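For reference, the structure discussed in these notes is given below.
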Amino acid sequence: MSIRIAFALSALIAQPLVAQPTAPAPAPAQTVNVALETDKGRIVLALDRGRAPVTTANFLKYVDAGRLDGESFYRAMKYGDGGLVQGGVTSNAKKLLLPIEHEPVSLTGLKHLAGTISMANGGPGTARSDFFILTSDVPAFDASFAAFGKVVEGMDVVKAILASAVSPTKGEGPMKGQMLDPAVKIVKAQRLEK
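So the sequence shown is numbered by the numbering used here: it starts at 1 and just counts up by one.
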């Protein structure tokens with residue numbers, strides 16, 4: 001081996017190893033459980049504050065302040081073999097908080113699968129109190145909505161709400177014919193101890 005090659009090899013070996021940049025690892029799941037007591041039964045949600053902290057914090061503000069108590073699930077949209085049920089504050093605009101920043105699933109890693117809870121919105125950065133729960137996978141929603149948890153108890157209740165009667169005339173635009181009649185009352189929303 002020539003001296004030049006030996007010198008070049010020793011110089012390479014002496015170089016410190018430089019770590020290659022990698023994509024950040026997804027945050028570990030840090031869940032907080034919330035129970036929604038409805039007049040059709042109980043739904044328990046595991047909200048993922050580790051991966052969707054902004055959206056989860058927003059929902060918890062409504063829960064902790066009692067802003068969802070007495071509100072309702074007011075919409076049932078059939079989609080494929082399932083669909084979604086939607087609820088939120090509809091009784092008094094004074095109960096609404098400011099809109100929140102959009103947390104896309106491309107950042108959180110959460111997907112719109114059966115049992116997912118996600119924030120409804122009129123476009124990124126407009127979500128307030130309205131949320132929906134899926135009874136089937138809807139991957140098309142990953143592009144527009146912020147998933148932030150899942151149902152861990154009471155999917156039978158969610159499916160019963162989806163199967164409830166709707167008004168053929170209530171609702172505007174694409175929501176016409178999807179408004180529950182009567183709406184399903186959220187009697188109480190509260191955090192649960194683990």
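Here a beta-carbon is modelled for each residue, glycine too, at the ideal position from N, C-alpha and C.
Bear in mind that the values here come from a model prediction, so they are computed numbers and not experimental data.
Among the options, nearest to residue i - alpha-carbon criterion
{"i": "Arg128", "options": "Leu60, Pro174 and Leu36", "result": "Leu60"}
{"i": "Leu68", "options": "Leu96, Met155 and His102", "result": "Leu96"}
{"i": "Lys170", "options": "Ile100, Val138, Gly109 and Ala76", "result": "Ala76"}
{"i": "Asn115", "options": "Leu192, Thr55 and Pro139", "result": "The residue you asked about is not Asn; residue 115 is Gly in the sequence shown. If we check each option's Cα against that of Gly115, Pro139 comes out closest."}
{"i": "Arg51", "options": "Val105, Asp64 and Gly83", "result": "Val105"}
{"i": "Gly80", "options": "Glu103, Leu113, Ala65 and Thr56", "result": "Leu113"}
{"i": "Pro99", "options": "Thr38, Pro182, Asn58 and Asn33", "result": "Asn58"}
{"i": "Asn92", "options": "Ala165, Gly83, Gly66 and Lys111", "result": "Gly66"}
{"i": "Phe145", "options": "Ala120, Leu162, Val34 and Ala165", "result": "Ala120"}
{"i": "Ala163", "options": "Glu37, Thr108 and Lys78", "result": "Lys78"}
{"i": "Lys94", "options": "Thr108, Glu193 and Tyr62", "result": "Tyr62"}
Residue i - containing beta strand (DSSP E), residue span
{"i": "Ala189", "result": "Met179 to Arg191"}
{"i": "Ile117", "result": "Thr116 to Met119"}
{"i": "Asn33", "result": "Thr31 to Thr38"}
{"i": "Leu96", "result": "That residue, Leu96, is in no beta strand (DSSP E); it is neither H nor E in DSSP."}
Buried versus exposed call for residue i [16 or more other C-beta atoms within 10 Å across all chains shown]
{"i": "Glu71", "result": "buried"}
{"i": "Arg191", "result": "exposed"}
{"i": "Asp130", "result": "buried"}
{"i": "Pro174", "result": "exposed"}
{"i": "Gly87", "result": "buried"}
{"i": "Gly122", "result": "exposed"}
{"i": "Leu36", "result": "buried"}
{"i": "Lys176", "result": "exposed"}
{"i": "Ala198", "result": "With the chain represented from 1 up to 194, any question about residue 198 goes unanswered, as that position is not in the structure."}
{"i": "Glu193", "result": "exposed"}
{"i": "Ala189", "result": "buried"}
{"i": "Ser118", "result": "buried"}
Sequence-distant residues of the same chain with beta carbon closer than 7 Å to residue i, five excluded per side
{"i": "Val158", "result": "Ile43, Val85, Ile133, Thr135 and Val151"}
{"i": "Glu101", "result": "Val54 and Gly125"}
{"i": "Tyr74", "result": "Gln86, Gly87, Thr90, Met179, Leu180 and Ala183"}
{"i": "Asp142", "result": "Val105, Lys111 and His112"}
Close Cβ partners of residue i (< 8 Å) along its chain, the five nearest in sequence each way excluded
{"i": "Gly41", "result": "Gly154, Asp156, Val157 and Ala160"}
{"i": "Asp39", "result": "Val184, Lys185 and Val187"}
{"i": "Thr31", "result": "Ala46, Leu47, Asp48, Arg49, Gly50 and Gly149"}
{"i": "Thr56", "result": "Val32, Leu47, Asp48, Arg49, Phe148 and Gly149"}
{"i": "Asp64", "result": "Arg191"}
For residue i, the first and last residue of its enclosing alpha helix (DSSP H)
{"i": "Met77", "result": "No alpha helix (DSSP H) contains Met77, which is instead part of the beta strand (DSSP E) from Ser72 to Tyr79."}
{"i": "Val166", "result": "It is not in any alpha helix (DSSP H) - Val166 carries neither H nor E in the DSSP assignment."}
Own chain partners of residue i with C-beta closer than 6 Å, once the 5 adjacent residues on each side are dropped
{"i": "Gly82", "result": "Thr135 and Ser136"}
{"i": "Glu103", "result": "Ala52, Val54, Thr55 and Ala146"}
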